[in-house]
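J.:
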Amino acid sequence: MVNSELYENVILELRRGVIVLAVLRQLDQEQYGYSLLKLLSDRGLPIDQGTLYPLLRRLEAQGLLVSNWRLEEARPRRYYMISSEGRQLLPRLKQEWDNIVAVMEKLMK
Amino acid sequence: MNLIDIYITEVGKYLPQKSRTDIQEEIHSALQDMLEDRSQQTGRPVDEDLTVEVLMEYGSPEKVAASYLPERYLVGPRLFPAFLKTAQIVLPIIGILALIGLGFSLGKANLSFQNGFEAVLQAIAELFQSTIVALGAMVLIFAILERVLPNLKEKSLTWDPRTLAKISPPDRVKLTEPIAAIVFNFAAIVIFNFYPQVIGASFVAGKGWTFNQLLSETFFSYLPVLNLLWVANIVLNSFLLRRGQWQTWTRWFSLGLHALEVGVAAAMLRGPSLVALTVQDLTEAGPFSPEAARLLVEMAQLAVTLALITAIVAGIVEIAQIALQLMRSKKPAILVQTK
């Protein structure tokens, strides 16, 4: 019987590649870290904070996101948004995702 | 200072200075959002209990900091097999040398039980020290190689399978061989230049231990030439590691080095004794009988002579093999058979 830890690890591996696409797509509108976390969770893709925040920084370092600190409700928040480079990449990623879904649907029949 | 500030400070300890403040501010902001959201959802006040709950969910400071850092290692997966192989060669040699040293210490006449016990303890302590030093030196060398060798990712981008066919098997450099050569030559430089005192044997003499150096001043007069050879060997093997294949000039260079090594070993063999141990020293150093002392000195001289003869024979064999490869490389090789 497959143990739950192994199951969790496989699920994590499956989600890892998808998260980048999901994050880039959601950041068409600017979001701060926690609001993005909630948004993804509400839309059925819960992500661990320990995965999301470092990912946002990495995507920003790669030039796919831009960010700025803003003081809101007496609290500084970092807002992220997709960059122009990210916008150029997104349709290609979406196309690739559609291909993967189509192929996987055939393979899983 | 509240619990969140303490937590943030703790996370910062594991982060690089460059990005520390920025990451800390972001985590602080995220934790505040989490607390507020959790408080609204559950109707609980933002107190210590809720803060503890949220921090536990967020993760330990080490784990959170690690998620922001790239994987870092001293010896990576590419060189780790070579590291293990080198350790499998080096560590048994250290063990054998320690056993020989212990044999010398215990091999004398009229050894009391207490002195014997002390000799065993001393040998264990020296073995432990030598192992730590050797492992430390190996990690240092491999960590340098890890950073000096061409980046594997960059290499894989330009890699062409056809290059495998272009490099005929005798020209291909096996990863472990130059690495082992670099490690041993580096170890020789360090030991003979900075820790010559480890080459010898300790004996209980009267009330305390005395150390008798194995190698004589004659040996150390060859050190400048030996250092040159060891450095040249390191340079050659580093180059071979980077290129991944033998070329005509590297073979000629290697042949020249081996010829010099054979020449130096022959000069050492014909010259004055390289062994510093004398019958007089040993009889004065401990309760050795003159016969036992003479036997020990003869054994040491025989061991050095055998080591030199082995070096000369191995060098000549290497020279012959390299000369053969040089002659073969002059002939046009058929790499791929065509119709």
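Sequence order for the protein chains is S and L.
Our numbering applies: residue 1 is where the first sequence begins, and numbers increase by one.
Our numbering applies: residue 1 is where the second sequence begins, and numbers increase by one.
In this text, a Cβ means the ideal position worked out from N, Cα and C, and glycines have one as well.
Here the structure is a predicted model, which means the values were calculated and not measured.
For residue 68 of chain S, which of S/77, S/61, S/23 has the nearest alpha-carbon?
T.: By one-based count along the first sequence, residue 68 of chain S stands at place 68. It is S/77 whose Cα lies nearest to the Cα of residue 68 of chain S.
J.: Between which two residues does the beta strand (DSSP E) carrying residue 68 of chain S extend?
T.: Residue 68 of chain S sits at position 68 when you count from the first residue of the first sequence. 65-72 is the span of the beta strand (DSSP E), which, as asked, contains residue 68 of chain S.
J.: Should residue 64 of chain L be flagged as near chain S, meaning a C-beta pair shorter than 8 Å?
T.: Here residue 64 of chain L is taken as the residue at index 64 of the second sequence, counted from 1. Yes, residue 64 of chain L lies at the interface with chain S (some Cβ there is under 8 Å from its Cβ).
J.: According to DSSP, which residues form a beta bridge with residue 215 of chain L?
T.: Counting from one through the second sequence, the residue named residue 215 of chain L turns up at place 215. Looking at the DSSP assignment, residue 215 of chain L forms a beta bridge with L/275.
J.: Assuming contact is defined by CB atoms lying nearer than 8 Å, are residue 258 of chain L and residue 318 of chain L in contact in what I supplied?
T.: To locate residue 258 of chain L, count along the second sequence from 1; it is residue 258. To locate residue 318 of chain L, count along the second sequence from 1; it is residue 318. Yes; because the gap between Cβ atoms is below 8 Å, this pair is in contact.
J.: If you follow the beta strand (DSSP E) that residue 82 of chain S is part of, which residue opens it and which one closes it?
T.: As a first step, residue 82 of chain S is located in the first sequence; it is residue number 82 there, counting from the start. Counting along the chain, the beta strand (DSSP E) containing residue 82 of chain S begins and ends at 75-82.
J.: Name, please, each residue of chain L whose Cβ falls closer than 7 Å to the Cβ of residue 75 of chain S.
T.: The residue you call residue 75 of chain S lines up with position 75 of the first sequence. Those within 7 Å of residue 75 of chain S in chain L are 29, 32.
J.: Where residue 101 of chain S and residue 94 of chain S are concerned, what is the direct C-alpha to C-alpha distance, given to the nearest angstrom?
T.: Here the question's residue 101 of chain S lines up with position 101 in the first sequence. Here the question's residue 94 of chain S lines up with position 94 in the first sequence. Near 10 Å, if we compare the C-alpha coordinates of residue 94 of chain S and residue 101 of chain S.
J.: Would you list, in chain order, the members of the region 207-237 of chain L that have their beta-carbon closer than 8 Å to a beta-carbon of chain S?
T.: Those residues of the region 207-237 of chain L that come within reach of chain S (Cβ to Cβ, closer than 8 Å) do not exist; the list is empty.
J.: Answer with yes or no whether the minimum CB distance from residue 59 of chain L to chain S is below 8 Å.
T.: Position 59 of the second sequence, counted from the start, is the residue given in the question as residue 59 of chain L. It does; some Cβ of chain S falls within 8 Å.
J.: Using the three-state DSSP reduction, which class does residue 172 of chain L fall into: helix, strand or coil?
T.: Reading the second sequence from its first residue, position 172 is the one you call residue 172 of chain L. DSSP places residue 172 of chain L in strand when its eight states are reduced to three.
J.: Which residues mark the beginning and the end of the alpha helix (DSSP H) in which residue 9 of chain S is found?
T.: Counting from one through the first sequence, the residue named residue 9 of chain S turns up at place 9. That run of the alpha helix (DSSP H) goes 4-26.
J.: Output yes or no for whether 8 Å exceeds the beta carbon distance between residue 73 of chain L and residue 64 of chain L.
T.: Counting from one through the second sequence, the residue named residue 73 of chain L turns up at place 73. Counting from one through the second sequence, the residue named residue 64 of chain L turns up at place 64. Going by C-beta atoms, residue 73 of chain L is not nearer than 8 Å to residue 64 of chain L.
J.: So residue 300 of chain L packs on residue 277 of chain L, CB below 8 Å; how close in whole Å?
T.: Position 300 of the second sequence, counting from 1, holds the residue named residue 300 of chain L. Position 277 of the second sequence, counting from 1, holds the residue named residue 277 of chain L. About 5 Å separates the two Cβ atoms, so the contact holds.
J.: Am I right that residue 33 of chain L and residue 34 of chain S are in contact with their C-beta atoms under 8 Å? What's the rounded C-beta distance?
T.: Translated into positions along the second sequence, residue 33 of chain L becomes position 33. Translated into positions along the first sequence, residue 34 of chain S becomes position 34. Indeed, because the Cβ distance is near 4 Å, the residues count as touching under 8 Å.
J.: Are the CB atoms of residue 82 of chain S and residue 27 of chain S within a distance shorter than 8 Å?
T.: For the purposes of this step, residue 27 of chain S is identified with residue 27 of the first sequence, where counting begins at 1. For the purposes of this step, residue 82 of chain S is identified with residue 82 of the first sequence, where counting begins at 1. In contact: residue 27 of chain S and residue 82 of chain S (Cβ atoms closer than 8 Å).
J.: Figure out for me which residue from S/25, S/61, S/73, S/58 has the closest Cα to the Cα of residue 45 of chain S.
T.: Translated into the one-based positions of the first sequence, residue 45 of chain S becomes position 45. Of the candidates S/25, S/61, S/73, S/58, the one whose C-alpha sits nearest the C-alpha of residue 45 of chain S is S/25.
J.: Name the residue from L/99, L/105, L/92, L/14 whose alpha carbon lies nearest to the alpha carbon of residue 66 of chain L.
T.: On the second sequence, residue 66 of chain L is found 66 positions in, with the first residue counted as 1. Comparing Cα positions, the closest option is L/14.
J.: Among L/232, L/238, L/242, L/246, which has the Cα closest to the Cα of residue 256 of chain L?
T.: Reading the second sequence from its first residue, position 256 is the one you call residue 256 of chain L. If we check each option's Cα against that of residue 256 of chain L, L/232 comes out closest.
J.: Using CA atoms only, rank isn't needed, just tell me which of L/99, L/11, L/82 is closest to residue 60 of chain L.
T.: Counted from its first residue, the second sequence places residue 60 of chain L at position 60. The option with the nearest alpha carbon to residue 60 of chain L is L/11.
J.: Taking residue 297 of chain L and residue 282 of chain L to be in contact with their CB atoms under 8 Å, please state how far apart those CB atoms are, rounded to whole angstroms.
T.: Numbered from 1 along the second sequence, position 297 holds the residue referred to as residue 297 of chain L. Numbered from 1 along the second sequence, position 282 holds the residue referred to as residue 282 of chain L. With 8 Å as the limit, residue 297 of chain L and residue 282 of chain L qualify as a contact, their Cβ atoms being about 7 Å apart.
J.: Does residue 49 of chain S get closer than 8 Å to chain L when you measure Cβ to Cβ?
T.: The residue you call residue 49 of chain S lines up with position 49 of the first sequence. Yes, because at least one Cβ of chain L sits closer than 8 Å to the Cβ of residue 49 of chain S.
J.: Let me know the alpha helix (DSSP H) ranges lying completely inside the region 112-152 of chain L, each 4 residues or longer, listed in chain order.
T.: DSSP runs (the alpha helix (DSSP H)) wholly in the region 112-152 of chain L: 113-148.
J.: Drop a sphere of 10 angstroms on the beta-carbon of residue 10 of chain S, count the other beta-carbons inside from all chains shown, and report buried for 16 or more, exposed for fewer.
T.: In the first sequence, residue 10 of chain S corresponds to position 10, counting from 1. Exposed: under 16 other Cβ atoms inside 10 Å.
J.: Assuming contact is defined by CB atoms lying nearer than 8 Å, are residue 171 of chain L and residue 246 of chain L in contact in what I supplied?
T.: Residue mapping note: residue 171 of chain L aligns to position 171 of the second sequence, counting from 1. Residue mapping note: residue 246 of chain L aligns to position 246 of the second sequence, counting from 1. Yes; because the gap between Cβ atoms is below 8 Å, this pair is in contact.
J.: Can a CB atom of chain S be found closer than 8 Å to the CB of residue 7 of chain L?
T.: Working through the second sequence from its first residue, we reach residue 7 of chain L at position 7. Closer than 8 Å: no.
J.: With a threshold of 8 Å between beta carbons, is residue 80 of chain S in contact with chain L?
T.: As a working mapping, residue 80 of chain S is identified with position 80 in the first sequence. No, because no Cβ of chain L sits closer than 8 Å to the Cβ of residue 80 of chain S.
J.: For chain L, is any of its Cβ atoms less than 8 Å away from the one on residue 54 of chain S?
T.: The count along the first sequence starts at 1 and reaches residue 54 of chain S at position 54. By this cut-off, residue 54 of chain S is an interface position.
J.: If contact means a Cβ-Cβ distance below 7 Å, which residues of the region 65-84 of chain L contact chain S?
T.: Taking 7 Å as the Cβ-Cβ cut-off against chain S, the residues of the region 65-84 of chain L that qualify are 67, 68.
J.: Taking the alpha-carbon of residue 226 of chain L as reference, which of L/88, L/187, L/44 has the nearest alpha-carbon?
T.: Numbered from its first residue, the second sequence carries residue 226 of chain L at position 226. Residue L/187 is the option with its Cα nearest to residue 226 of chain L.
J.: For residue 45 of chain L, collect the residues of the same chain with a Cβ closer than 7 Å to its Cβ; drop the 5 residues on either side in sequence, then sort them by chain order.
T.: Here residue 45 of chain L refers to the residue found at position 45 when the second sequence is read from its first residue. Hits under 7 Å: 39.
J.: Grab me the residues of residue 4 of chain L's own chain with a C-beta within less than 6 Å of its C-beta, minus the 5 sequence neighbours each way, in chain order.
T.: The residue labelled residue 4 of chain L in the question sits at position 4 within the second sequence. Taken in chain order, the residues that qualify are 31.
J.: Can you list, in chain order, the residues of its chain with a C-beta nearer than 7 Å to that of residue 116 of chain L? Leave out the 5 residues immediately preceding and following it.
T.: Translated into the one-based positions of the second sequence, residue 116 of chain L becomes position 116. Cβ within range, chain order: 106.
J.: Please report the straight-line C-alpha distance between residue 29 of chain S and residue 66 of chain S, rounded to a whole angstrom.
T.: Sequence index remark: in the first sequence, residue 29 of chain S carries index 29 (1-based). Sequence index remark: in the first sequence, residue 66 of chain S carries index 66 (1-based). When rounded, the distance between both Cα atoms is 12 Å.
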